[in-house]
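**Student:** Quick one: structure below, then a few questions.
Residue numbers (the UniProt record's numbering): 1 to 323.
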């Protein structure tokens with residue numbers, strides 16, 4: 001009876017997105033106009049774009065002359081974007097940095113809406129992206145075990161799995177969505193998060209079974225100039241034993257590894273993490289809400305290989321520098 005009442009209240013508009021049938025999209029931009037144009041063009045190919053409220057958060061320029069002009073070009077462009085239910089511009093007068101910009105922006109949108117889809121200005125989405133994200137957000141809206149939905153998946157083979165989607169105790173940052181109830185778990189204080197993970201003996205799980213040094217990444221966020229919100233988001237999911245739904249093939253391609261705010265790495269990494277977009281829908285199947293052990297094993301192997309390649313690349317850089 002209680003569950004029936006919850007559903008009834010939800011569909012009577014308690015918990016429905018404000019003035020929109022589709023989840024709003026928050027797009028975070030800075031100074032890369034060419035990438036941003038690709039992001040917008042791809043997003044507009046989605047049939048649901050015309051029913052989607054788009055919020056664009058433009059971070060202010062750093063105190064560098066080249067950034068001033070680049071940010072101006074981006075802002076001139078976003079003032080003329082169309083093709084969405086509404087386009088809402090949020091122009092930061094100062095440079096917050098990517099981490100603070102995303103955290104503040106997501107929090108702001110979720111004060112008005114129950115759900116959100118988050119993109120950055122170097123992500124190209126499949127034309128089936130919005131359909132998948134909205135269906136998944138709607139399907140698991142009342143399931144507290146699920147913290148987020150990811151549109152991105154690392155380019156390793158998940159297609160032989162029995163269903164078109166799977167769950168992991170892992171949260172990704174390249175084209176994702178959540179609910180107001182999910183975002184409440186986010187912990188900005190990296191020290192507090194680190195200590196709680198340590199106290200609960202979750203460091204091994206947080207490091208994805210020793211396959212990637214996420215704990216080291218989190219420790220780097222102890223300083224005031226910390227730059228990663230994503231490792232905090234992932235850590236919050238591990239700490240609270242929450243799941244993320246993933247598609248078996250990626251609906252997002254990352255095009256901005258060189259010069260982006262997330263990473264400044266060689267082109268080999270871009271190739272290692274890029275995804276082919278096929279343009280066909282992915283069904284949100286009825287699956288058991290628990291972590292897929294086989295998928296976790298595949299992810300672990302991929303992350304371990306990524307760690308080794310990054311270490312080799314770092315050693316090469318040091319060696320070449322000494323030469």
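Positions of the beta carbon are idealized from the N, C-alpha and C atoms, including for glycine.
Bear in mind that the values here come from a model prediction, so they are computed numbers and not experimental data.
(1) How do the region 56-66 and the region 81-99 stand: do at least 3 beta-carbon pairs fall below 8 Å, yes or no?
(2) Can you give the beta carbon distance from residue 87 to residue 26, rounded, assuming they're within the 8 Å contact cut?
(3) Would you mind working out which of 212, 199, 233, 201 sits nearest residue 178, comparing C-alpha positions?
(4) Note down, in chain order, each residue of its chain lying with its Cβ closer than 8 Å to the Cβ of residue 204, except the 5 sequence neighbours on either side.
(5) Cβ atoms of residue 52 and residue 28: under 8 Å apart, would you say?
(6) If you count every other CB in all the chains shown that lies within 10 Å of the CB of residue 132, and 16 or more means buried, which is it?
(7) Compare the Cα-Cα distances from residue 113 to each of 146, 54, 79, 69 and report the closest residue.
(8) Could you tell me the distance, in whole angstroms, from the CA atom of residue 311 to the CA atom of residue 157?
(9) With a CB to CB cut of under 8 Å and the five nearest residues on each side skipped, what residues in its chain are close to residue 259?
(10) Counting only the same chain and skipping the five closest in sequence on each side, list residues whose C-beta sits under 8 Å from that of residue 21.
(11) So, is residue 264 buried or exposed, given that buried needs 16 or more other C-beta atoms within 10 angstroms?
(12) Roughly how many angstroms separate the alpha carbons of residue 159 and residue 65, rounded to a whole number?
(13) According to DSSP, is residue 28 part of a helix, a strand, or is it coil?
(14) Can you give me the start and stop residues for the beta strand (DSSP E) that residue 58 sits inside?
(15) Return the bridge partner residues of residue 379 from the DSSP annotation.
(16) List in chain order: all unbroken alpha helix (DSSP H) runs of 4+ residues lying wholly within the UniProt domain "Glycosyltransferase 2-like" (28-164).
(17) Within its chain, find whatever has a CB closer than 7 Å to the CB of residue 67; leave out the 5 residues flanking it on each side and keep chain order.
(18) Tell me which residues share the same chain as residue 70 and place their Cβ nearer than 6 Å to its Cβ, disregarding the 5 neighbours each side in the sequence.
(19) Starting from residue 252, trace the beta strand (DSSP E) in both directions and tell me its first and last residue.
(20) Is it buried or exposed, residue 149, if we count other Cβ atoms within 10 angstroms and call 16 or more buried?
(21) Just to confirm, is the Cβ distance from residue 359 to residue 44 under 8 Å?
(22) Is residue 74 closer than 8 Å to residue 151 when the C-beta atoms are compared?
(23) Go ahead and label residue 172 buried or exposed: buried means 16 or more other beta carbons lie within 10 angstroms of its beta carbon, across all protein chains shown.
(24) Quick one: grab the DSSP three-state call for residue 244.
(25) Let's see if you can read the secondary structure: which residues bound the alpha helix (DSSP H) around residue 237?
**Tutor:** A quick look at the data gives this:
(1) yes
(2) With a Cβ gap of about 12 Å, residue 87 and residue 26 do not count as contacting.
(3) 233
(4) 210
(5) no
(6) buried
(7) 54
(8) 23 Å
(9) Any reading at residue 259 needs caution, since the residue's pLDDT is 49, under 50, leaving its predicted position unreliable; the model's value is listed next. Excluding residues within five positions, the ones whose Cβ falls inside 8 Å are 32.
(10) 51
(11) Since pLDDT at residue 264 reaches only 47, below the 50 mark, its modelled position is unreliable, and no value is offered.
(12) 47 Å
(13) strand
(14) 53-58
(15) Residue 379 cannot be examined here, being either before or after the span of the chain that is shown, 1 to 323.
(16) 33-44, 65-78, 98-110, 129-139
(17) 31, 61
(18) 31
(19) 252-254
(20) buried
(21) The question about residue 359 has no answer, for the chain in this structure spans 1 to 323.
(22) no
(23) buried
(24) strand
(25) 230-239
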